[in-house]
Each structure stands twice: as C-alpha cells, then as structure tokens.
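This is the structure in structure tokens:
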C-alpha cells in the first residue's frame, strides 16, 4: 500500500466503467497527474470511455522496419548463396529472380511478424525485466477482480491527503478499495 | 463496464472459465485414446528409422506416396485457423469471436504434424538439416531454385507466424487463468504464459495493434504456403501436375479442408464442453455458408483443371486423365466428387443442414474427399509416366498406414490437451464483444443474464452480422 517515502498507492475495483470515470475525473480535477493513474481492464476500453490520454504505440513502425530487415536478410541469403556457389545456368542469370523473390517474400513476412510481436511485448512491459524497470505490470492484491471481469484503478505517488480523499470518493462506487 | 456487460461477465466466468476448473471425463478419455494412437505413430516411425525407407511401399515409379499425400493434406488443414481467423478479424466479422482460438489451435497443431511428413519421407531423418540454408560440411550451399527449399522458407514462416498469432491473443486469457488459479503448478504455468500481463491501457493498445498487423500479414503468408506446396508439383514436367492453376486450386482446397476440420472440432467442443451459448447455431450457420461456398469454388477449379486437360488432347496428360475418370482410380475420383461437392451442396444449401451435426458430418466427408484429392494428385500421375515400360503401381505398407492413422492421434492428443489447459474460446474477445453489444452471442447472453438479474437486456446493434 505505502510506496517509498511519503507516497501512497490507492487501488479500487469497479463493476462499471461509468463509476470509475467519475472517480478519475475527480482525481484529475484535484491535481493528480494522468501519468499517476493506471487502469486495468478485462478487455480493451474505447478511447473516450475514460478522460485519460490515449496510449501511444509504435508497433506499426517497428513492423515495417522488421519487414525491411527480414526482406534484406532473405534477399542477401538467397542471392548471396547463388553467387557464392554458382550453379550451371546455361547462360541464364546466376541470381534468378523468381527463387530469390519467393525467399525474400517469406523473409519479409517473417521479419514483420517477429518484430511486431517483440514490439508488442516490449511496449507492454512483457519482456523479462522490462515491467519491473518501468514500474508497471506489478501484481496487485486486487488483480483477481480484473480476472473476474471488473476494472481496476491504481493511482500512484499520492500524498496522504490525496490518498485519503481518493479512497473516500471511491468507497461509494467501488467494489473494493485497497 | 456497461450495466449490461456486468452480468455477461458473470455468465462468462461461470460457463466458459468454469469448464477449465472442472475435470471432464470425456476429454480425459479422448486424450488417452488419441495418446494411444500417437504411440502408434511413434512406433511406426521408429520402426522405419531402424529399418530404413524400404519398409514403405514407395518404389519406382511412385516415389511420393502416403507421406507426401499426408504432408499436403495436413498443410491444407492448417489453413483452417490462421487464414480463416485472420480473414474474419480483418473483415471485423463479429461472429468470429467464439471461433478464432479453436481455429488457430488447429492451424498450429496441423502444421506441426504436416511439417513432420517431409522429414519422415526423407527416410534418413537425422540429416534433415541439409535442407536448412547454410553451407554444410562439404561446403555445398542449398539450391534456392528448388521449390522444396521454398517450402522450408514458407512453412517455417507460417509455423512461427501461426504460433505467435495464437499466442498473442492468448496472453490476456492466460493472465485470467493465472489470477483465478490456486497456488501451485497450474498457476506457475499460466504465469509463464501470461508474461506478467495486467491488462493496462498500454498493454491493450499495443496488443490490438499487434493482432491487427499479424492478421493482415498472415493472410498472404498462408496463401503463399499452399501455393508453394502446389509448386512442388506444378514446377515439374510430370503429366497431371504441370498446371498453371495448381496454386489457387491448392489454396482453395486447403481452405475447404480447413473449414471441414473446424466444423468437426466446433461440433465436438460444443457438445463435449457444453458451449452451446458460445458456439451457437448462428456461428454454424455462418460457417456453413462459407463451407458451401468453398465447396462450389473447389468444384469449379476441379472442373476447370480437368476440362483443359481433356480439351488439350495431349497424349500423356490424357493417359493420366483417363485412369482418373474411367480407369483404376475412377472409384476414388468419383467418391471425391460426391463427398466434396454433391453432398455439401445438397446438405448445406438449406438452413437445417447448417446445424452442428449435419455440418460436422459433411465435414467428415469432405476430409475424406480432400485426402482422396491429394492421393489422386500424387499417385495416378506418378504411376502413369510418359514411358510405358515404367508404368507401375503403389500399395502403402502397414508402416505408412500406421503413421497416417497415428498422426491423427497426435493431432487429437495435442488438441485435447490444449482444450483442457486453456480457454478454447477467447475470453477477452467475448467480453469485448459483449461490452460493445456487437457479438451475435451477446443477445443470448444478456437476455439470459437479464432474466436472472431482473434487468432489461441491451439491444444488440447490428446483430453482429458478418
């Protein structure tokens, strides 16, 4: 419950997103920064359901980079192989377009897929060590509420007064406050 | 959560996740029976490794027998999941939600088994790594001009992509299982799978992006895999194989057989796990419509393929064509036409035929028919070569039969095990569908929940049509 020093953590589980929304709005109005607020849900929430900034993602960018990297690697492998071990081609080109094209195509797809998944895991703090460093993804005593279809609000770094106010405002609508 | 979705979550917890908390004797019996068949697979393959490829019926001129037939067959089945799931995700078909996980698992397991058959066919499986693109001990580099090497590239990409495409949407459900499980081995297992997932906004946002990108990327990969498998045949000069439409013909056949397995698996899951609320008649009706469409497309391709061969008048092509339609292979050929085209169209054209039991029975017939199709592509063409003195026949040995039947056991065993360990219907996607009121099943669930809680059920916008 109590974070390092004077800072406090308040957690509350809600049945309905509307109940949580009212508490989040009150918290923001009282001066709590959006970056201190973390929401855990059993399914993705719509963008406008809570007055919090939309998370950012660079998965698409990394996917495209992965595709380029995979394609270049596969092209290098197929074309380089043909050059390193040239076969008799009867006057036709050593590096043949169709085979190199097929291998490059598959390499492009593989690079895209691998980089997409790696980036998703990275952004979500799901790679080893990543979640601990970022301070997110820590287990909570109230996580079982999310498993049972409820929403969990976690507000970090609160002063004692802020924490007390937030707990009071949550008690009326939350299923459990921690 | 919305007022309507809260009781739905309770329904979900009770009826879907509760399945995993209970022991299911039927599933256990299924696992044991399929496990026994899997042992047949292991024994027969071990026998072949110990005694050499001579224990099979493969001989001149039929060098590709049951192993390659089964390779093509299983790779085809693998198109059930990833491709169908990806198409349904990309088109935002709401009724996909209860189907995708089951379909994606079929893909992964079928692909793993299909990928084993070329290794079995090698005979000396220990030197399979000669196919991997790196210079071997004799400094020979792989020949990228061979479609067989393209196969390795395509199947490797597909199996990695399919595994990740199954795994990524599984992470939130693994976290649900982790947080519901009592401390112990099961909890640790789910904790490893969940990778520390907590359901934060950033995690959901990144996951949705990832799934969206993978769904788009996996479709051309799936198409390329079976196209390249078809090129193993079409790039040769063998009469009966050299065809320009083999690529799309194989892809259509693969999707067709994939849907057949999906129909059977869903009917079994629905009954065995009492998932009527999730795998509704509506899901079967929609998949049944897709099924009959693929049957017609398959029929069109088959007709086009044989018409052009017949019309060409090419002597060698016509020899193969003759044994197929009128000769030694006429019975399997016409059986294939009946079970792949006549019966599906006759049954699935009517709404009563698109219920779980009829679709599963039609699916069984289609599986037989599609296996026969692969058999009729491989064996008649090889046993009827250009030179008359090399005409031969092919009879599979008990080892080949054992491996073929055992492979079904391996597949079923993997599938039963998966079903017992993880939610076979994606929990978070169902919840998402209910929250947005877009799932065809939401209406059922909310109505039921409303009936028990005394609240009004929410309308279902759009009805969740495809």
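Chains as they are written, first to last, in my numbering: chain A, 383 to 560; chain P, 1097 to 1562. Heads up, the beta-carbon is just placed ideally off N, CA and C, and yes, glycines get one too.
In summary, residue 1432(P) is buried, with 16 or more beta-carbon neighbours lying within 10 Å of its beta-carbon over all protein chains present.
Only residues of its own chain outside the window of five on either side were considered, and among them 535, 552, 556, 559 have a CB closer than 6 Å to the CB of residue 394(A), listed in chain order. Taking 8 Å as the Cβ-Cβ cut-off, the segment 1301-1334 of chain P approaches chain A at 1301, 1302, 1303, 1304, 1305, 1306, 1309, 1310, 1313, 1314, 1316, 1317, 1320, 1324, given in chain order. Taking residue 1330(P) as the centre and dropping the five residues before and after it, the same chain places the C-beta of 1337, 1338, 1339, 1340, 1342, 1343 closer than 8 Å to its C-beta, in chain order.
A Cβ-Cβ separation of about 6 Å places residue 1371(P) in contact with residue 1365(P) under the 8 Å criterion.
Spatial neighbours of residue 1216(P) in its own chain (CB-CB distance under 8 Å, excluding positions within 5 residues in sequence) are listed in chain order as 1141, 1144, 1163, 1499. For residue 419(A), the enclosing beta strand (DSSP E) starts and ends at 419-422. As for any alpha helix (DSSP H) of minimum length 4 sitting wholly inside the segment 1489-1528 of chain P, the runs are 1494-1517, ordered along the chain. Using a Cβ-Cβ cut-off of 8 Å, residue 1247(P) does not count as an interface residue toward chain A, since no Cβ of chain A sits closer than that to its own.
The three-state secondary structure of residue 1436(P), taken from DSSP, is helix.
Against chain P, a Cβ distance below 7 Å from residue 426(A) picks out 1300, 1304, 1528. With a cut-off of 8 Å on Cβ pairs, the segment 473-480 of chain A is not in contact with the segment 492-512 of chain A, counting fewer than three such pairs. Contact of residue 1250(P) with chain A by beta-carbon distance below 7 Å involves 488. Annotation: residue 1319(P) to residue 1306(P) spans about 20 Å, alpha carbon to alpha carbon. Below the 7 Å Cβ cutoff, chain P contributes 1298, 1302 as neighbours of residue 505(A), in chain order. Counting the other CB atoms within 10 Å of its CB gives residue 554(A) a total below 16, which places it among the exposed residues.
When the beta-carbon positions are compared, residue 1160(P) and residue 1474(P) come within less than 8 Å of each other.
Listed along the chain, the chain A residues whose CB falls inside 9 Å of the CB of residue 1256(P) are 492, 495, 496. An exposed status is given to residue 1486(P), since fewer than 16 other beta-carbon atoms sit within 10 Å of its beta-carbon. Counting of Cβ neighbours within 10 angstroms places residue 1494(P) among the exposed residues, the total staying below 16. Residue burial annotation: residue 421(A) is buried, with at least 16 other C-beta atoms found within 10 angstroms of its C-beta.
At least one CB atom of chain A sits nearer than 8 Å to the CB of residue 1524(P).
Taking 8 Å as the CB threshold, residue 1170(P) stays off the interface with chain A. Runs of the alpha helix (DSSP H) spanning 4 or more residues and lying entirely within the segment 1321-1406 of chain P occur at 1342-1368, in chain order.
In the same chain as residue 1408(P), and ignoring 5 residues on each side of it, no C-beta atom comes closer than 6 Å to its own. Taking a cut-off of 8 Å for Cβ pairs, the segment 1452-1472 of chain P and the segment 1346-1365 of chain P touch, as three or more such pairs fall below it. Contact of residue 1471(P) with chain A is not assigned, every C-beta pair being separated by 8 Å or more. For residue 1289(P), the enclosing alpha helix (DSSP H) begins and ends at 1281-1290. Residue 1422(P): not part of any alpha helix (DSSP H); DSSP gives it neither H nor E. Apart from sequence neighbours up to five positions away, the residues of its chain that approach residue 1477(P) with a beta-carbon distance below 6 Å are 1334, 1336, 1337, 1416, ordered along the chain. Residue environment for residue 529(A): buried (at least 16 other C-beta atoms within 10 angstroms of its C-beta).
In the three-state scheme derived from DSSP, where H, G and I count as helix and E and B as strand, residue 558(A) is classed as strand.
Secondary structure of residue 1155(P) (DSSP, three-state): strand. In this structure residue 1470(P) is buried. Its beta-carbon is surrounded by 16 or more other beta-carbon atoms within 10 angstroms. Under the Cβ distance rule, residue 1240(P) counts among the residues neighbouring chain A, one pair being separated by less than 8 Å. Leaving aside the five residues that flank residue 1179(P) on each side, the residues in its chain whose CB is nearer than 6 Å to its CB run, in chain order, 1318.
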